[in-house]
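So the sequence lines, in the order shown, correspond to chains A and B. Just so you know, the first sequence maps onto residues 14 to 227 in this note's numbering. Just so you know, the second sequence maps onto residues 14 to 227 in this note's numbering. A virtual CB, placed ideally from N, CA and C, is assigned to each residue, including glycine. One structure is given below, encoded as structure tokens.
Number of protein chains: 2
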Amino acid sequence: MNGSQVPSTTVRRLPSYLQALLSAQVHRQSVVNSLQIAEMVGSNAAQVRKDLSYLGEYGTRGVGYDVDALVAHLIRWLGIEEHRNVAIVGFGRLGSALQGYAGFAERGFRVVAVLDDDPDKIGRPFDGHVVQAIGDVEEIFSAANVDIAVLAVPAAVAQSVTDAIVAAGVKAILNFAPTRVEVPDDVVVRHADVAAELQVLAFHLSSLERRAND
Amino acid sequence: MNGSQVPSTTVRRLPSYLQALLSAQVHRQSVVNSLQIAEMVGSNAAQVRKDLSYLGEYGTRGVGYDVDALVAHLIRWLGIEEHRNVAIVGFGRLGSALQGYAGFAERGFRVVAVLDDDPDKIGRPFDGHVVQAIGDVEEIFSAANVDIAVLAVPAAVAQSVTDAIVAAGVKAILNFAPTRVEVPDDVVVRHADVAAELQVLAFHLSSLERRAND
DNA sequence: CTTTGTGAACAGATTCACAGCG
DNA sequence: CGCTGTGAATCTGTTCACAAAG
Numbered sequence: 014m015n016g017s018q019v020p021s022t023t024v025r026r027l028p029s030y031l032q033a034l035l036s037a038q039v040h041r042q043s044v045v046n047s048l049q050i051a052e053m054v055g056s057n058a059a060q061v062r063k064d065l066s067y068l069g070e071y072g073t074r075g076v077g078y079d080v081d082a083l084v085a086h087l088i089r090w091l092g093i094e095e096h097r098n099v100a101i102v103g104f105g106r107l108g109s110a111l112q113g114y115a116g117f118a119e120r121g122f123r124v125v126a127v128l129d130d131d132p133d134k135i136g137r138p139f140d141g142h143v144v145q146a147i148g149d150v151e152e153i154f155s156a157a158n159v160d161i162a163v164l165a166v167p168a169a170v171a172q173s174v175t176d177a178i179v180a181a182g183v184k185a186i187l188n189f190a191p192t193r194v195e196v197p198d199d200v201v202v203r204h205a206d207v208a209a210e211l212q213v214l215a216f217h218l219s220s221l222e223r224r225a226n227d
Numbered sequence: 014m015n016g017s018q019v020p021s022t023t024v025r026r027l028p029s030y031l032q033a034l035l036s037a038q039v040h041r042q043s044v045v046n047s048l049q050i051a052e053m054v055g056s057n058a059a060q061v062r063k064d065l066s067y068l069g070e071y072g073t074r075g076v077g078y079d080v081d082a083l084v085a086h087l088i089r090w091l092g093i094e095e096h097r098n099v100a101i102v103g104f105g106r107l108g109s110a111l112q113g114y115a116g117f118a119e120r121g122f123r124v125v126a127v128l129d130d131d132p133d134k135i136g137r138p139f140d141g142h143v144v145q146a147i148g149d150v151e152e153i154f155s156a157a158n159v160d161i162a163v164l165a166v167p168a169a170v171a172q173s174v175t176d177a178i179v180a181a182g183v184k185a186i187l188n189f190a191p192t193r194v195e196v197p198d199d200v201v202v203r204h205a206d207v208a209a210e211l212q213v214l215a216f217h218l219s220s221l222e223r224r225a226n227d
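In structure tokens, the structure reads:
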């Protein structure tokens, strides 16, 4: 009774397949097989074929996958045929770094709004827009048609800001705050905690060290 | 034949347990049970107990887990009893945002070096240090005793910079570039691709939209 | 009586291996 | 023939349910 028939592990890999195919496109390759894709993303051929088969039958037996066609299919599945509108909530160091990241456009996203609650930051210009007040989130989000909110605020206010974002109707949130946020069932949240990633790496380092001290 | 006996899924959850316990500490709670931890991190009691049991028997039956003791154990397992030394490689927007992130210290990390290859950036001061040349990575890393490198450079140079980092002896890399980097078996890499996270969210949005159009 | 720690059952994801198709 | 697509086998992770411990 899984809502989607595509396993979540597969979904997490789709972006890397798209990246690999785009780079094949740049190299003027018109067809790739599952093994070539696998090598590009660091996986194996069976995994790639199984993953792609969840989306449909896009390959040709004996040949492989047409690069342009598969790119188009992946873009459709990821729902980025049209650019998705992203709002950055929190214009601190991280928020402003994300706002200025040039790579979003070519990955299917457009930053259409930046919000903060600091009066000193509100009104500050970026790319022909200005930073707006978090208090006005509802009007801002519906005017700008925001699909995804990127949460780059301090942990202490993450939940209350999330509540406001959710009330404004956003269904997808990327949370950079080092804390869990509670949302209704129909809202998807992904967590991007840099320090947690470093801690996972630190665990591996200390495993190595433990093994060395035998 | 798994090197470590702790499942990788468990390792990824350990940072959230630590965060939950630290917040319990702040609330002056001296004991927590598995259900309370589960609620704080958005999991379930059985999962929490199983995960913690991989590390040892740190609970008391009929009571729960001593918060201070478990915090200490988690910190040991994560290998952050002493701060880990982090180098930021690439002093663009993201690199400088990460360099200035105040939260690292309390999560067990210290930024001990920042590197870039742009002559305009080399020599620029930060926190009493200065940005150094990527070309000098070997000397810089051994002098500063770097444990983890955070890669915040453009995709085009990610592999060559990685090769230099690895040659300098680093065994753990957090890669923000939207491309895979190849490393020897004894080096751990984690990938933090913001646009890929957004694409996963976009997939969920388009699933919702597909379901709505039935 | 409560809550851990853990085998056993279950669910989900990966890999194998080959039938099916171009 | 070569490579995809996919059932079946395997492996990994999660959940259940209860004996063991305080």
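Using a C-beta cutoff of 7 Å, does residue i count as contacting chain B?
| i | result |
| --- | --- |
| MET14/A | Reliability of the predicted coordinates at MET14/A is poor, the pLDDT of 39 falling under 50, and the value obtained from them is presented with this limitation in mind. Not one chain B Cβ lies under 7 Å of MET14/A. |
| ASP160/A | yes |
| LEU214/A | yes |
| VAL230/A | The first residue shown for chain A is 14 and the last is 227, placing residue 230/A beyond what the model contains. |
| ARG137/A | no |
| LEU230/A | No statement about residue 230/A is possible, as the shown extent of chain A runs from 14 to 227 and does not include it. |
| LEU91/A | yes |
| LEU128/A | no |
| LEU107/A | yes |
What do you get for residue i, buried or exposed, if any count of 16 or more other CB atoms within 10 angstroms of its CB means buried?
| i | result |
| --- | --- |
| GLU151/A | exposed |
| VAL24/B | buried |
| SER173/B | exposed |
| SER155/B | exposed |
| ALA162/A | buried |
| ALA169/A | exposed |
| SER29/B | buried |
| GLY148/B | exposed |
| ASP129/B | buried |
| SER56/B | buried |
| ALA100/A | buried |
| VAL196/B | buried |
| VAL179/B | buried |
| MET14/B | Any reading at MET14/B needs caution, since the residue's pLDDT is 41, under 50, leaving its predicted position unreliable; the model's value is listed next. By the 10 Å Cβ count, MET14/B comes out exposed. |
| ALA72/A | It should be noted that the sequence gives Gly, not Ala, for residue 72/A. It counts as buried. |
| ALA51/A | buried |
Could one say the Cβ of residue i lies closer than 7 Å to chain A's Cβ atoms, at least one of them?
| i | result |
| --- | --- |
| SER219/B | yes |
| PRO28/B | yes |
| ARG203/B | yes |
| ALA180/B | no |
| GLU6/B | An answer regarding residue 6/B cannot be provided, because it is not within the stretch 14 to 227 covered by chain B. |
| LEU187/B | yes |
| ALA208/B | yes |
Do residue i and residue j have their C-beta atoms within less than 7 Å of each other?
| i | j | result |
| --- | --- | --- |
| VAL144/A | VAL127/A | yes |
| SER43/A | ARG62/A | no |
| VAL201/A | HIS217/B | yes |
| ALA171/A | VAL194/A | yes |
| TYR78/B | VAL45/B | yes |
| ASP176/A | PRO191/A | no |
| ASP160/A | ARG97/A | yes |
| VAL166/B | GLY113/B | no |
| VAL80/B | ALA110/B | no |
| GLU210/B | LEU187/A | yes |
| LEU83/A | ARG203/B | no |
| GLU94/A | ILE88/A | yes |
| LEU65/B | GLN212/A | no |
| ALA33/A | VAL54/A | yes |
| ALA146/B | ILE135/B | yes |
Is residue i close to the ligand SAM? I mean its beta-carbon at under 6 Å from any heavy atom of the ligand.
| i | result |
| --- | --- |
| ASN158/A | Among the ligands in the structure shown, none appear at all, so the ligand SAM cannot be discussed. |
(request) Output the residue ranges of the beta strand (DSSP E) runs that lie fully inside the segment 92–168 of chain B and measure 3 residues or longer, sorted by chain position. (result) 97–102, 122–129, 161–164
(message) List, from N- to C-terminal side, the alpha helix (DSSP H) runs of 4 residues or more that fit wholly inside the segment 188–225 of chain A.
(response) 207–225
(request) Entirely within the segment 44–81 of chain A and at least 3 residues each: give me those beta strand (DSSP E) ranges in chain order. (result) 77–79
(request) Report the residues of the segment 23–50 of chain A with a CB closer than 9 Å to any CB of chain B, ordered along the chain. (result) VAL24, ARG25, LEU27, PRO28, SER29, LEU31, GLN32, ALA33, SER36
(request) Closer than 8 Å, Cβ to Cβ, to anything on chain B: give me those residues from the segment 110–122 of chain A, in chain order. (result) ALA110, LEU111, GLY113, TYR114, GLY116, PHE117, ARG120, GLY121, PHE122
(request) With 8 Å as the C-beta to C-beta threshold (strictly closer), list the residues of the segment 54–86 of chain B near chain A in chain order. (result) VAL54, GLY55
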